[in-house]
Amino acid sequence: DAGVTQSPTHLIKTRGQQVTLRCSPKSGHDTVSWYQQALGQGPQFIFQYYEEEERQRGNFPDRFSGHQFPNYSSELNVNALLLGDSALYLCASSYNWASKETQYFGPGTRLLVL
Amino acid sequence: AQKITQTQPGMFVQEKEAVTLDCTYDTSDPSYGLFWYKQPSSGEMIFLIYQGSYDQQNATEGRYSLNFQKARKSANLVISASQLGDSAMYFCAMRELNSGGSNYKLTFGKGTLLTVNP
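Protein chains in written order, with the numbering used here: chain A, 404 to 517; chain B, 95 to 212.
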């Protein structure tokens, strides 16, 4: 049973560039959430996708956008990268109708903006 | 105000001993869920244990148990018989189940770095 997978594992970009991160949810899961984890901090919620729609968004600017595909996989796009966007980006999947809706995380993508 | 507070930046424990990691939370929502995750240096967040606000008993999962004190708004993680592989960051998180269930995000604390000594 495959867990949550993310690609790429590491990425280096320069300020002003755009980046796309990818996530495949755990088998049987239909909901994908994205989190940003800065060094030494806990993860911060970016947004969640369900039924190909963004159904909740955290306190992140519009430079952060996403998409969910019919197979439940998801992309996170960040435009006009800033130095402060350097972080570990974590994808989490869950099953919408599960009683606890526990979110299971992938290994993350480490983004470095120079 | 922080919703999740983990006051221990770092903790040390001897192998085979038990350790308690503290977590306090702040919410006015009567319905919520509390989670603990482990994050090794590799970065992946590993789900450990869940406690619902209406659960009558404290949650247990193998060597992990949650000391849930609702009136004090605390949800401490107890790890019994520590192993070297338990060395990692541990995060407490909460999901507030707003009326209508419209909130889906997890709010995390800043974490506690646990080091297990041989």
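Cβ coordinates follow ideal geometry from the N, Cα and C atoms, glycine included.
Rounded to the nearest whole angstrom, the CA to CA distance from Lys110 of chain B to Ile415 of chain A is 41 Å.
Here the alpha carbons of Trp437 of chain A and Tyr198 of chain B stand approximately 12 Å from one another. With fewer than 16 neighbouring CB atoms inside 10 Å of its own CB, Gln420 of chain A falls in the exposed class. In the three-state reduction of the DSSP assignment, Gly179 of chain B falls in the helix class, which pools H, G and I.
Of the other Cβ atoms in all chains shown, 16 or more fall within 10 Å of the Cβ of Leu200 of chain B; this residue is therefore buried.
Excluding residues up to 5 positions away in sequence, Leu514, Leu515, Val516 lie with their Cβ nearer than 7 Å to the Cβ of Ser489 of chain A in the same chain. Residue pairing by DSSP places Trp437 of chain A opposite A:Phe450, A:Cys494 in a beta bridge. Around Asn499 of chain A, the same chain offers Asp433, Thr434, Tyr453 as residues with beta carbons nearer than 8 Å, after the five sequence neighbours per side are excluded. At a Cβ-Cβ threshold of 8 Å, Leu479 of chain A and Tyr492 of chain A count as neighbours. At a cut-off of 8 Å between beta carbons, Gly156 of chain B makes no contact with chain A.
Interface flag for Met139 of chain B against chain A is set, since a Cβ pair is found closer than 8 Å. Rounded to the nearest angstrom, the gap between the Cα atoms of Val407 of chain A and Ser430 of chain A is 8 Å. With a 10 Å radius around the Cβ and a threshold of 16 neighbouring Cβ atoms, Arg166 of chain B comes out exposed. For Gly203 of chain B, a Cβ of chain A is located within less than 8 Å of the residue's own Cβ. When Cβ-Cβ separations below 8 Å define contact, Phe162 of chain B makes no contact with chain A.
Residue state for Leu486 of chain A is assigned as helix, using DSSP reduced to three classes. Each residue's CA atom was taken as its position, placing Gln506 of chain A and Pro212 of chain B some 32 Å apart.
Here Phe162 of chain B is buried. Its C-beta has 16 or more other C-beta atoms within 10 Å.
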